[in-house]
Each structure stands twice: as C-alpha cells, then as structure tokens.
Amino acid sequence: LIKFPAIQKESHSSLRQLLVTTEKHVRALKKLGQPTDQWSTILVHLMTAKFDNITKRDWESKTSSKEIATYDQFIEFTKSRCVMLETMHLNKPQRDKSSNNIINKTNTLNKKTIAAVSIESKPDICVICKEGNHKIYQCPFLKSTPQARSKEVKKLKVRSNCMKARHTPEICGSSPYRLCHKKHNTFLHFN
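Sequential numbering from 9 applies to the sequence shown in our numbering.
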C-alpha cells in the first residue's frame, strides 16, 4: 500500500486500481490476523495521500473537520467517485483528430474491443453484457439503477457479492459490503 504510486491526473481507472489494491491488501492482512479494523486512521491518511488533486479536494470537502474520517467512509467515497468518473468517461464524446469530427465514445470502445478480442487469446468478457473486453466496473450496465442492476444479476445467475458466475458461495472470498454488512456488491446496494 505504501508503494502504490500517487495518482497524478483524475482518472477512473487509476482510482479504481487504488480502491481494488487497498481492499485486496486490507483483506489479506485481516486473514493473516492483523487488527485492520483498528487501522482506520492510518489507512485513510495513507490512501487519500494517493488521490489526485481534484479528488483530494472533493474528499476534503466531503469529510468533516470535526471528526476523523473512517476507512468505511474512504471506501464508500472512492467507490462512488469511481462510478461517477466511469459514467462521465463512457458518456464523453471524443474528437477525431484527423477529421475533427465528434465520435461517440461507445463506438470507439466497440472498435477497440473487436481489435483486443482478435489479438488476445483470453479476453475479459463482461459477465453482465457478455460483450467487450472490460471488467464489470467499466460496463454500461452501471448506468442503470441499483434495483435494475440487482434484478439483472439475479436473472443472469451471477454471484451478487463478487459479480462472477463460476463458483459457489462457499468458496467466494469476497467480503460483505462494508456499510450494511450484507453479502452484495457495492453496485447493488440500495436502501
């Protein structure tokens, strides 16, 4: 966690990587018997120092100066920020430099996906949309409501905690959602 590089520019993929790395390492430390639940302050300080300037400013504005932010607040903020940045990235039109035309980002992504599938022997096929060379946190499925996402996950018989299709609950290593402590993915949380 200490060696994770600081994020220089606001980026959904860099922020997601920070989140995934943090959760993975904290889970591993917890399985080794370390009292990670007592490390909230140091983990928050260590990981928010990796934020880019814009994310750091938004984090500071969201957290109270009177109370020390918790690890759960850090995770929740980072996850919601990732979803927001990913949605903005998918919806942003892109200019074609050669002809100065605006191209829809999804068309560009589809072309890249076709190229990636033809080059790679084992592409990452999204378990939800069954298309593309992307992980679930990059899927357009995230634009729908948590209730609609939950219904789709049940229909596809995907594990609601880890969002994978090929294993049983007994061998799933995913942790429960930190805010409500139920076995479901952050993307499926609703009140």
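Glycine included, every Cβ here is placed at the ideal spot set by N, Cα and C.
Straight-line Cα distance separating residue 195 from residue 46: As a working note, residue 46 is residue 38 in the sequence shown. As a working note, residue 195 is residue 187 in the sequence shown. The alpha-carbon atoms of residue 46 and residue 195 are separated by roughly 26 angstroms.
Quick check: what's the CA-CA separation for residue 113 versus residue 141? The residue labelled residue 113 in the question sits at position 105 within the sequence shown. The residue labelled residue 141 in the question sits at position 133 within the sequence shown. For residue 113, the pLDDT reaches just 49, beneath the cut-off of 50, and the residue's location in the model is therefore unreliable, leaving the point undetermined.
Kindly indicate which three-state DSSP category residue 62 falls into: helix, strand or coil? Here residue 62 refers to the residue found at position 54 when the sequence shown is read from its first residue. Residue 62 falls in the helix class under three-state DSSP.
Less than 8 angstroms between the C-beta atoms of residue 54 and residue 9, yes or no? Residue 54 sits at position 46 when you count from the first residue of the sequence shown. Residue 9 sits at position 1 when you count from the first residue of the sequence shown. The answer is yes: Cβ separation under 8 angstroms.
Rounded C-alpha distance that separates residue 62 from residue 90: For the purposes of this step, residue 62 is taken as residue 54 along the sequence shown, with counting starting at 1. For the purposes of this step, residue 90 is taken as residue 82 along the sequence shown, with counting starting at 1. Their backbone Cα atoms lie some 13 angstroms apart in a straight line.
Tell me the rounded alpha-carbon separation between residue 94 and residue 21. Locating residue 94 in the sequence shown gives position 86, where the first residue counts as 1. Locating residue 21 in the sequence shown gives position 13, where the first residue counts as 1. For residue 94 and residue 21, the distance between alpha carbons rounds to 8 angstroms.
Identify the continuous alpha helix (DSSP H) that holds residue 28 and give its terminal residues. The residue labelled residue 28 in the question sits at position 20 within the sequence shown. Start and end: 20-39.
Taking the C-alpha atoms as reference points, what is the distance between residue 171 and residue 78? For the purposes of this step, residue 171 is taken as the residue at position 163 of the sequence shown. For the purposes of this step, residue 78 is taken as the residue at position 70 of the sequence shown. Taking the straight line joining both Cα atoms gives about 26 angstroms.
Identify which residue in 18, 17, 58 and 43 has its Cα closest to the Cα of residue 30. As a first step, residue 30 is located in the sequence shown; it is residue number 22 there, counting from the start. Measuring from the Cα of residue 30, the nearest candidate turns out to be 58.
Quick check: residue 169 and residue 191, are their CB atoms within less than 8 angstroms of each other? Within the sequence shown, the letter at position 161 stands for residue 169. Within the sequence shown, the letter at position 183 stands for residue 191. Against a cut-off of 8 angstroms, the Cβ pair of residue 191 and residue 169 comes out as a contact.
Helix, strand or coil: how does DSSP classify residue 133 here? Indexing the sequence shown from 1 puts residue 133 at position 125. In the structure shown, residue 133 sits in a strand (DSSP, three-state: E or B).
Do you know whose CA, among 97, 183 and 187, lies nearest residue 151's CA? Position 143 of the sequence shown holds residue 151. Of the candidates 97, 183 and 187, the one whose C-alpha sits nearest the C-alpha of residue 151 is 97.
Where residue 141 falls: helix, strand or coil (DSSP): Here the question's residue 141 lines up with position 133 in the sequence shown. Here residue 141 sits in strand by DSSP.
Between 187, 148 and 88, which has its C-alpha nearest residue 24's C-alpha? As a working mapping, residue 24 is identified with position 16 in the sequence shown. Nearest of 187, 148 and 88 to residue 24, Cα basis: 88.
Nearest-angstrom Cα distance between residue 17 and residue 66? Taking the sequence shown and counting its residues from 1, one reaches residue 17 at position 9. Taking the sequence shown and counting its residues from 1, one reaches residue 66 at position 58. The straight-line gap from Cα to Cα measures roughly 14 angstroms.
How many angstroms separate the CA atom of residue 144 from the CA atom of residue 183? As a working mapping, residue 144 is identified with position 136 in the sequence shown. As a working mapping, residue 183 is identified with position 175 in the sequence shown. Roughly 17 angstroms between the two C-alpha positions.
Write down the C-beta distance between residue 71 and residue 64 rounded to the nearest angstrom, noting that I regard them as a contact closer than 8 angstroms. As a position in the sequence shown, residue 71 is number 63, starting the count at 1. As a position in the sequence shown, residue 64 is number 56, starting the count at 1. Not really, about 11 angstroms apart at Cβ, beyond 8 angstroms.
Quick check: what's the CA-CA separation for residue 154 versus residue 188? Mapped onto the sequence shown, residue 154 falls at position 146. Mapped onto the sequence shown, residue 188 falls at position 180. Spanning the two alpha carbons is a distance of roughly 15 angstroms.
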